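Have a look at the structure below, then the notes.
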């Protein structure tokens, strides 16, 4: 196997997050993060590269150090948003995304992303984010699509709730045991029923 093929295979493994690093390599990477100059931009670049390789814990270290240097850098909060979303911690990711929005209130794409993250949990806050975008740019495609999806979700949930409540309150059909015993089972139900009603017997 050529060295070029090995590099391509390693890169493919890294992109899919299947790469396994030896402990000493992880230690060296942590040392690299600690040894970089106190420049958030460099740390962010390294953080995104590590995240692309599936090394989320090391990426978090890089973005965390950048945050310690400057906690008012919106790009660093976006990097942390990406880390937390990729590791399944959506609430933390959303917190950093909202901080980034507060630092860059004109960043409309960030508001659309926030609305997408909020859509399944807090629809009013999602609507606020989309409304802020559409108020400034009524034809914003992402915000219009997000609003349509949000409305579709609300309507679908409402229809499901109404259907469920209707099933709970709808009177259940009562079973007439007389019909079952005499009319459905006995072939001469009417004759037997009328005879018993008169107190007589069938001969």
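Residue numbers (the UniProt record's numbering): 1 to 203.
For each residue, glycine too, the CB sits at the ideal point set by N, CA and C.
Note that the structure is a prediction, hence the values are computed from the model and not measured.
Residue 125 in three-state terms, based on DSSP: helix
By DSSP, does residue 104 sit in helix, in strand, or in coil? coil
At a cut of 8 Å, does the segment 63-76 reach the segment 84-92 through at least three beta carbon pairs? no
Could you tell me how far apart the beta carbons of residue 44 and residue 75 are, in whole angstroms, since I believe they sit closer than 8 Å? 6 Å
Beta carbon of residue 118, beta carbon of residue 107: below 8 Å? no
For residue 141 and residue 26, what's the separation of their Cα atoms in angstroms? 42 Å
What is the DSSP secondary structure of residue 137, reduced to helix, strand or coil? coil
Under the rule that 16 or more other beta-carbon atoms within 10 Å means buried, what is residue 157, buried or exposed? exposed
State the start and end residues of the unbroken alpha helix (DSSP H) segment that holds residue 42. 40-52
Are the CB atoms of residue 59 and residue 81 nearer to each other than 8 Å? no
If you measure between the beta carbons of residue 154 and residue 123, is that distance less than 8 Å? yes
Would residue 94 and residue 115 be called neighbours here (beta carbons separated by less than 8 Å)? no
Status (buried if at least 16 other CB within 10 Å, exposed otherwise) for residue 72: exposed
Rounded C-alpha distance that separates residue 138 from residue 96: 26 Å
For residue 152, is the classification buried or exposed, using 16 other Cβ atoms within 10 angstroms of its Cβ as the cut-off for buried? exposed
Whole angstroms are fine: how far does the CA of residue 79 sit from the CA of residue 39? 15 Å
State the DSSP-derived secondary structure class of residue 158, mapped to helix, strand or coil. helix
Can you name, in chain order, every residue of its own chain whose Cβ lies under 6 Å from the Cβ of residue 84, other than the five neighbours on each side? 92 and 93
Need the endpoints of the alpha helix (DSSP H) that residue 57 sits in, please. 56-69
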